[in-house]
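A.B. asks: Sequence order for the protein chains is A and B.
Sequential numbering from 25 applies to the first sequence in the numbering used here.
Sequential numbering from 5 applies to the second sequence in the numbering used here.
One structure follows; several queries about it will come next.
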Amino acid sequence: MAETDNRNWPTRRTVLEGGAATGLLLAAGVPVRAQQDAIMAAAAAAAPVPTMPMNLTINKDEFSVELDPRTTLLDALRNHLGLTGSKKGCDHGQCGACTVLVNGRRINACLTLAAMHEGDEITTIEGFAEGDELHPMQAAFVARDGFQCGYCTPGQICSAVGMLSEIRAGWPSHAGTDVAASAALTDAEIRERMSGNICRCAAYPNIVAAIRDAAGEA
Amino acid sequence: MRAFTYERAGDAREAAAAVAARPEAKFISGGTNLLDLMKLDIERPAHLVDVSRLPLDRIEDTPEGGLRIGAQVRNSDLAADPRVRSRYPVLSQALLAGASGQIRNKASTGGNLLQRTRCYYFYDRNMPCNKREPGSGCSALEGFSRMHAILGASEACIAVHPSDMAVAMAALDASVETISPDGETRAIPVGDLHRLPGTTPNVETELGHGEMITAVTLPPAPPGRQIYRKVRDRASYAFALVSVAAIVEASGDGIRSARIAMGGVAAKPWRAAEAERALAGAVASDRAYTDAAEAALVGAQGYGGNDFKIPLAKRTVRQTLAAAIERA
């Protein structure tokens, strides 16, 4: 997938979320909340939304796309680039399902604009395996059964990989008593550092075990 | 989210001028709070000036022995900086007590200071809110006020500022540097950056439109033990009900000096000057900590749902002081 631009699938996903980006006006029956109706009406009355060109590097592939400036990195991945591994949970940075790595650091893809990430190295869950060989963190989640429904899992795995880099870099956490000291990877540290990823199936014990295993292997 | 245009600023002055040129323009850096609010139609910028790539991302030693923190330094980098961890641990602790790993990787120093309140009614566009819509009323006054202010509030607004970082910076007497569209710079003590609500809770800071934070300067580390203690409804990734940043210099049984700043209690980080005066020269004892806690909460007022914060804040001040002195 070297060159992919606006792909308009006639799917539920496109219809529900891609309104603005596919050039459809937002009046197409999308809104969930009553308070959004007014926004939708305003959007429908306005002129077609201008787009801007962006060059994004995702999983080492270059993508040139033309998107509405409002497009979050998460929506760009899911709705325009066919990379639906990153999940939309809360869309407000509270659940962590959208976690990706940008220049090796974990962030919430829902709380940033795609336009702000030109030139960055973006890694999504699709970029972790080498062919059929799973990344050690993915393998550990499978081995430890670190999920139930699996919806939060891509975010958990991206977050865990980013978190282990932070530990290796000697970053302190709220779980430690002395911020000047370097932290050991205890379960308490894992839980604190992973608090930005929620699992509504509550697979936490197995998620912690998977991360512990993967940290030992790396 | 409403439509906006986007540009990436070339330098700090250009960024300030770009925002100043349009009344509905805003700076965007980490975006973790602004985009959240834009999705909810609470923030409605027509133009965004991206300042996240400006070369304001360094932490430098100052000639005076302090640190100058660029406004674009990410919260995680600031918390992990060895100089901050060893000389200003209260700041590392405060940063690490806030948000999640993902958000700290994105949130900037300047943006953290300028984040908006998390008052439920500010977030709920179906409810009156003087901060969001001046003159519409305050829903929190007679509503759910668990997270709301007990100090410095007004009949117009009882929202609190949510930052942990700012509370530590207030205790450290940090100074906020800004640049205006005409290129002029100024320094504002962090304690003077945020305004109390009064009758205009929609005006939250002293900054003019287009004035941009470029750095936060910490004076040389004060003597004494530094502790940040945060009390919240869950153990991680939650805003403070009450937090206390304390810096206490003890000598034998005596307290030479103390600094106390509280978070989660007001629309700004709240320095407890009276309590600090009471502690200076006092004998370290439960009595002294209790007196200081009482002094810190003079004038505190609850609104029903947050009445508990007054005794909670007193206990947190007392315990944080005791911990700082015992470990000194």
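Beta carbons: idealized from backbone N, C-alpha and C, even for Gly.
Quantities reported herein were computed from a predicted structural model and do not represent experimental measurements.
1. Bridge partners for P77(A) per DSSP, in chain order?
2. Since I believe K272(B) is in contact with L222(B) (beta carbons under 8 Å), could you give me their beta-carbon distance rounded to a whole number of angstroms?
3. Taking C-beta pairs closer than 7 Å, name the residues in chain A that K30(B) reaches, listed in chain order.
4. Assign S80(B) to one of two classes, buried (16 or more other C-beta atoms within 10 Å of its C-beta) or exposed (fewer than that).
5. Report the start-end ranges of each alpha helix (DSSP H) in the segment 30–63 of chain B that is 4 residues or longer and not cut off at the edges.
6. What residues are listed by DSSP as bridge partners for H198(A)?
7. Give me, in chain order, the residues of the same chain whose beta-carbon lies closer than 7 Å to that of L197(B); leave out the 5 immediate sequence neighbours on both sides.
8. May I ask which residues mark the beginning and end of the beta strand (DSSP E) holding K234(B)?
9. Any contact between the segment 171–188 of chain A and the segment 129–136 of chain A? By contact I mean 3 or more CB pairs, one from each, below 8 Å.
10. Quick check: what's the CA-CA separation for Y307(B) versus G156(B)?
11. Answer yes or no: does any C-beta atom of chain B fall closer than 8 Å to that of L135(A)?
12. Counting only beta-carbon separations shorter than 8 Å, does A204(A) have a partner in chain B?
13. Look at the Cβ atom of G179(A), then the Cβ atom of C122(A), and state whether they are nearer than 8 Å.
14. Does at least one heavy atom of the ligand PLP sit under 7 Å from the Cβ of I231(A)?
15. Could you name the residues of chain A that Y241(B) contacts, counting a contact when the two beta carbons are closer than 7 Å?
16. May I ask which residues mark the beginning and end of the alpha helix (DSSP H) holding I314(B)?
17. Does any C-beta atom of chain B lie closer than 8 Å to the C-beta of S197(A)?
18. Give a yes or no on whether the minimum CB-CB distance between P93(B) and chain A is below 8 Å.
19. Listed in chain order, which residues of the segment 39–53 of chain B have Cβ atoms closer than 9 Å to some Cβ of chain A?
20. When DSSP builds the beta bridges, which residues end up paired with L222(B)?
21. Less than 8 Å between CB atoms is the rule here; does S96(B) satisfy it with respect to chain A?
22. Taking all protein chains shown into account, do 16 or more other C-beta atoms lie within 10 angstroms of the C-beta of V287(B), making it buried, or fewer, making it exposed?
23. What does the alpha-carbon distance come out to for the pair D237(A) and N230(A)?
24. Determine, using beta carbons only, whether Q384(B) comes closer than 8 Å to chain A.
25. Could you check whether the Cβ of D244(A) sits closer than 8 Å to any Cβ belonging to chain B?
26. Using the beta-carbon count (16 or more within 10 Å), is K84(A) buried or exposed?
27. So, is S56(B) buried or exposed, given that buried needs 16 or more other C-beta atoms within 10 angstroms?
28. Counting pairs of Cβ atoms below 8 Å between the segment 184–191 of chain B and the segment 139–154 of chain B, do you hit three or more?
29. Nearest chain B C-beta to A239(A) closer than 8 Å, yes or no?
30. So, for F148(B): in the same chain, excluding its five sequence neighbours on each side, which residues have a beta-carbon less than 6 Å away from its beta-carbon?
31. If you follow the alpha helix (DSSP H) that A153(A) is in, where does it begin and where does it stop?
32. Scan the segment 118–181 of chain A and note each continuous beta strand (DSSP E) run of 3 residues or more that stays entirely inside, going in chain order.
33. Counting only C-beta atoms, is N79(A) closer than 8 Å to chain B at any point?
34. Kindly give me the distance between the Cβ atoms of G268(B) and S240(B), rounded to whole angstroms, as I take these residues to be in contact under 8 Å.
35. Are any of the Cβ atoms in chain B nearer than 8 Å to that of G170(A)?
36. Run through the DSSP bridge pairs and tell me what I251(B) is partnered with.
C.D. replies: The structure says:
1. Within the first sequence, residue 77(A) is the residue found at index 53, counting from 1. DSSP lists E90(A) as the bridge partner or partners of P77(A).
2. Locating residue 222(B) in the second sequence gives position 218, where the first residue counts as 1. Locating residue 272(B) in the second sequence gives position 268, where the first residue counts as 1. Their Cβ separation, rounded to whole angstroms, is 18 Å, which puts L222(B) and K272(B) out of contact at 8 Å.
3. Against the second sequence, residue 30(B) aligns to sequence position 26. Result: empty, since nearest Cβ-Cβ is about 13 Å, beyond 7 Å.
4. Taking the second sequence and counting its residues from 1, one reaches residue 80(B) at position 76. Buried is the call here.
5. 38–43
6. The count along the first sequence starts at 1 and reaches residue 198(A) at position 174. DSSP output for H198(A) lists no bridge partner at all.
7. Within the second sequence, numbered from 1, the residue matching residue 197(B) stands at position 193. Result list for L197(B): L117, V180, T209 and E210, in chain order.
8. By one-based count along the second sequence, residue 234(B) stands at place 230. Residues R229 to V235.
9. yes
10. For the purposes of this step, residue 307(B) is identified with residue 303 of the second sequence, where counting begins at 1. For the purposes of this step, residue 156(B) is identified with residue 152 of the second sequence, where counting begins at 1. Approximately 13 Å, taken between the alpha carbons.
11. Taking the first residue of the first sequence as 1, we reach residue 135(A) at position 111. Yes, its Cβ sits closer than 8 Å to a Cβ of chain B.
12. If you number the first sequence from 1, residue 204(A) lands on position 180. Yes, A204(A) counts as interfacial toward chain B.
13. Residue mapping note: residue 179(A) aligns to position 155 of the first sequence, counting from 1. Residue mapping note: residue 122(A) aligns to position 98 of the first sequence, counting from 1. Yes, the Cβ-Cβ distance between G179(A) and C122(A) is below 8 Å.
14. Judged by which ligands are present, the structure shown has none, so any question about the ligand PLP falls away.
15. Mapped onto the second sequence, residue 241(B) falls at position 237. What Y241(B) touches in chain A: S219 and G220.
16. The residue you call residue 314(B) lines up with position 310 of the second sequence. K313 to E330 is the extent of the alpha helix (DSSP H) around I314(B).
17. As a first step, residue 197(A) must be located in the first sequence, where it is residue number 173. For S197(A), the closest Cβ of chain B is nearer than 8 Å.
18. Along the second sequence, one-based indexing puts residue 93(B) at 89. Yes, contact with chain A.
19. L39, D40, M42, K43, L44, D45 and L52
20. One-based indexing of the second sequence puts residue 222(B) at position 218. According to DSSP, which records beta bridges pairwise, L222(B) is partnered with L71(B).
21. Residue 96(B) sits at position 92 when you count from the first residue of the second sequence. Yes, S96(B) lies at the interface with chain A (some Cβ there is under 8 Å from its Cβ).
22. Sequence index remark: in the second sequence, residue 287(B) carries index 283 (1-based). If you draw a 10 Å sphere on the C-beta of V287(B), you find fewer than 16 other C-beta atoms in it, and that means exposed.
23. Counting from one through the first sequence, the residue named residue 237(A) turns up at place 213. Counting from one through the first sequence, the residue named residue 230(A) turns up at place 206. Spanning the two alpha carbons is a distance of roughly 10 Å.
24. The requested residue 384(B) is not part of the displayed model; chain B covers only 5 to 332.
25. Look at the range of chain A in this structure, 25 to 242, and you will see that residue 244(A) is not part of it.
26. Here residue 84(A) refers to the residue found at position 60 when the first sequence is read from its first residue. By the beta-carbon neighbour count (other beta carbons within 10 angstroms, threshold 16), K84(A) is exposed.
27. Working through the second sequence from its first residue, we reach residue 56(B) at position 52. The residue is buried, with at least 16 neighbouring Cβ atoms inside 10 Å.
28. no
29. Indexing the first sequence from 1 puts residue 239(A) at position 215. With 8 Å as the cut-off, A239(A) does not count as an interface residue toward chain B.
30. Position 144 of the second sequence, counting from 1, holds the residue named residue 148(B). Taken in chain order, the residues that qualify are G309.
31. Counting from one through the first sequence, the residue named residue 153(A) turns up at place 129. Where A153(A) is concerned, there is no enclosing alpha helix (DSSP H), given that its DSSP letter is neither H nor E.
32. For the segment 118–181 of chain A, whole beta strand (DSSP E) runs of length 3 or above, ordered along the chain, are 123–126, 129–132 and 145–147.
33. By 1-based counting over the first sequence, the position of residue 79(A) is 55. For N79(A), the answer is no, since every Cβ of chain B falls outside 8 Å of its Cβ.
34. For the purposes of this step, residue 268(B) is taken as residue 264 along the second sequence, with counting starting at 1. For the purposes of this step, residue 240(B) is taken as residue 236 along the second sequence, with counting starting at 1. Not really, about 16 Å apart at Cβ, beyond 8 Å.
35. The count along the first sequence starts at 1 and reaches residue 170(A) at position 146. Chain B, which has no Cβ nearer than 8 Å to the Cβ of G170(A), makes this no.
36. Here residue 251(B) corresponds to residue number 247 of the second sequence, with the count starting at 1. According to DSSP, which records beta bridges pairwise, I251(B) is partnered with Q230(B) and R263(B).
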